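Engineer: The working numbering numbers the first residue of the sequence shown as 3 and each following residue consecutively.
Note that beta-carbon positions come from the ideal geometry of N, C-alpha and C, so glycine has one too.
Please read these numbers as outputs of a predicted model, since none were measured by experiment.
There's a structure below that I have some questions on.
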Amino acid sequence: MVSCVGLEQYPTTSYTDETFWTIEDNVRTALYLGYNQCWHQDYYFANNLLSDDVYGSRHSTNETSIVTGMANTSNGRFSDEWDKCYQELRTIHTALDAQDRMNIDETFKTRMLAELRLMRAFTYLRLVTWFGDVPFFTTNPTLPESRVVKVTPAATIKEFIHSELAEVAEILPKNTDIPESENGRYTRGTAVALNARAYLYDNDFENCAIWCDKLINSTEYGTYALESDYKRWRRRGAYSRRHRRRHARRH
Numbered sequence: 003m004v005s006c007v008g009l010e011q012y013p014t015t016s017y018t019d020e021t022f023w024t025i026e027d028n029v030r031t032a033l034y035l036g037y038n039q040c041w042h043q044d045y046y047f048a049n050n051l052l053s054d055d056v057y058g059s060r061h062s063t064n065e066t067s068i069v070t071g072m073a074n075t076s077n078g079r080f081s082d083e084w085d086k087c088y089q090e091l092r093t094i095h096t097a098l099d100a101q102d103r104m105n106i107d108e109t110f111k112t113r114m115l116a117e118l119r120l121m122r123a124f125t126y127l128r129l130v131t132w133f134g135d136v137p138f139f140t141t142n143p144t145l146p147e148s149r150v151v152k153v154t155p156a157a158t159i160k161e162f163i164h165s166e167l168a169e170v171a172e173i174l175p176k177n178t179d180i181p182e183s184e185n186g187r188y189t190r191g192t193a194v195a196l197n198a199r200a201y202l203y204d205n206d207f208e209n210c211a212i213w214c215d216k217l218i219n220s221t222e223y224g225t226y227a228l229e230s231d232y233k234r235w236r237r238r239g240a241y242s243r244r245h246r247r248r249h250a251r252r253h
């Protein structure tokens, strides 16, 4: 009688949950998935339809119903916002929960984890702004836990949001310290500006002013300025990379 040893074989054509997070490109893919889920151009236009910045000529949109006070619980924007936010949180927590298995460059890892925490704070800010008290967790719940999820007071979640944004504002790089190819990734200024917005939504104008001042009168968290020529908004291609280089040479 003979026997075999070493029968536990790892897959050779796909990643396991243990091996996936040991490769930096995979971790980067997970990070970019979080970015993709958190924001895209449809959000920009749809959210502006809820403001007085944009007028929608279509009279049957979900946003039009909300603005005119005609929306009810069947409005698709409400369920869409809820579903997308919790899908985003699932992606974010999957990556955050795997951080101990990430055998990757520590500098990249530290920045990436801060970006994910900012994404989470942004997502929870959207949830409490839309719905008030909502289910709140900082790790993916197990199946039994998901069956008994309760709502957490919005005030508690807001405290978490402010704390997280204050912490990651000290970890992320400044906008002046990243290459042009990384424009769009979160920076210190992103965290500071979002915290100011969160305080504004709280009607806490004193703290809102404090956080705005960190960007207006200081370069500690980045360097920012108002647009020098608002007429450029009306010119096609005015914000292309080639136009920016040509505009910079003139000035």
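1) Using the rule of at least 16 other Cβ atoms within 10 Å of the residue's Cβ for burial, across every protein chain shown, is Ala211 buried or exposed?
2) Does Val151 come out as helix, strand or coil in the three-state DSSP assignment?
3) How many angstroms separate the CA atom of Asn49 from the CA atom of Asp135?
4) Exposed or buried, which one is Ala250 when buried takes at least 16 other CB atoms within 10 Å?
5) Using the C-alpha atoms, what's the distance from Arg128 back to Arg122?
6) Excluding five sequence neighbours on each side, which residues of the same chain lie with their C-beta closer than 7 Å to the C-beta of Tyr201?
7) Considering just the uninterrupted stretch of the alpha helix (DSSP H) at Asn49, what are its terminal residues?
8) Between which two residues does the alpha helix (DSSP H) carrying Met114 extend?
9) Would you tell me roughly how many angstroms separate the C-alpha atoms of Ser183 and Ser53, rounded to the nearest one?
10) Tell me, please, whether the stretch 69 to 77 touches the stretch 134 to 154 by the rule of three or more beta-carbon pairs shorter than 8 Å.
11) Quick check: the Cα distance between Leu196 and Phe124, rounded to an integer number of angstroms?
12) Beta carbon of Val194, beta carbon of Leu228: below 8 Å?
13) Going by beta carbon distance, what residues of the same chain come within less than 6 Å of Thr63, once the five residues before and after it are set aside?
14) Taking the alpha-carbon positions, what's the Tyr232 to Leu145 distance?
15) Taking the beta carbon of Gly36 as the centre, do at least 16 other beta carbons fall within 10 Å, making it buried, or is it exposed?
16) Have a look at Asp85, Thr158 and Arg92 and flag the residue whose alpha-carbon is nearest the alpha-carbon of Asn142.
Structural biologist: In this structure, then:
1) exposed
2) coil
3) 21 Å
4) Residue placement at Ala250 is poorly supported in this model, since its pLDDT is 46, which falls under 50; the coordinates still yield a value, given next. It counts as exposed.
5) 10 Å
6) For Tyr201, where only same-chain residues beyond five positions count, the Cβ hits under 7 Å are Asn209, Cys210 and Trp213.
7) Residues Gln43 to Leu51.
8) Glu108 to Phe133
9) 31 Å
10) These segments do not touch.
11) 8 Å
12) no
13) Non-local beta-carbon contacts of Thr63 in its own chain, meaning distances under 6 Å to residues more than five positions away in sequence, are absent.
14) 52 Å
15) buried
16) Ranking the options by Cα distance to Asn142, first place goes to Arg92.
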